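**Q** Residues 17 to 153, numbered by the working numbering, are exactly what the sequence shown covers, in order.
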Amino acid sequence: MRRTATVGLGLLTLAIAGCGDNSTYKNQNRPPAPITVTASISDKNVSVSPSKFGAGPVNLVIANESTAAQRVTFESEGSAAGFRHQTGPINPGAPTTLVVDVPTGGAVLRVGDSSIEPAHVTVGAERPTAQNQLLLP
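1) Tell me, which residues are paired with R100 by DSSP?
2) Alpha carbon to alpha carbon, how far is V88 from V43? Give it in angstroms, no decimals.
3) Does the Cβ-Cβ distance between V135 and S58 come in under 8 Å?
4) Roughly how many whole angstroms lie between the Cα atoms of T54 and P111?
5) State the start and end residues of the unbroken beta strand (DSSP E) segment that holds N80.
6) Expressed to the nearest angstrom, what Euclidean distance is found between the alpha-carbon atoms of L114 and T103?
7) Exposed or buried, what is S131 when buried is set at 16 or more other beta-carbons lying within 10 Å of its beta-carbon?
8) What's the C-alpha gap between N61 and G122?
9) Where do the ends of the beta strand (DSSP E) carrying E142 lie?
10) With 16 other CB atoms within 10 Å as the buried threshold, where does Q147 fall?
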């Protein structure tokens with residue numbers, strides 16, 4: 017009898033504790049799903065595909081097809097507050113990935129060698145939320 021009363025009281029306590037006020041909880045949207053953007057470095061220029069995309073998370077896959085090791089800088093253009101990300105040296109024939117949350121505006125992908133032309137990227141408005149997309153991490 018005592019054991020039943022103790023178990024019943026414990027269950028009642030848990031039930032009451034579970035009835036909290038959830039009015040302060042806000043279901044915020046997820047960020048946009050990441051996209052993959054590819055870049056290649058030749059002895060003449062840097063190329064990016066696609067060169068126009070929406071703001072949000074980007075996995076930038078870079079292949080060094082030049083004859084020398086290259087360090088890549090991906091940064092916003094203009095005077096507005098932006099971003100700047102840099103890789104370590106990428107050996108010839110080797111790839112690397114740079115993960116960046118890119119804001120709206122112009123951006124440039126350049127290497128340290130000034131004889132290699134940089135690539136310019138246009139970043140539009142933020143891509144739609146990934147809130148209702150299934151099987152995303």
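Note that the Cβ used here is the ideal one computed from N, Cα and C, for glycine as well.
Model, not experiment: these values are computed from the prediction.
**A** Once the coordinates are examined:
1) E91
2) A small fix is needed here, since residue 43 is Asn in this sequence, not Val. Roughly 38 Å between the two C-alpha positions.
3) Residue identity check: residue 135 is Ala in the sequence provided, not Val. In this structure, S58 does not lie closer than 8 Å to A135 by Cβ.
4) 10 Å
5) 68-80
6) 7 Å
7) exposed
8) 18 Å
9) 135-142
10) exposed
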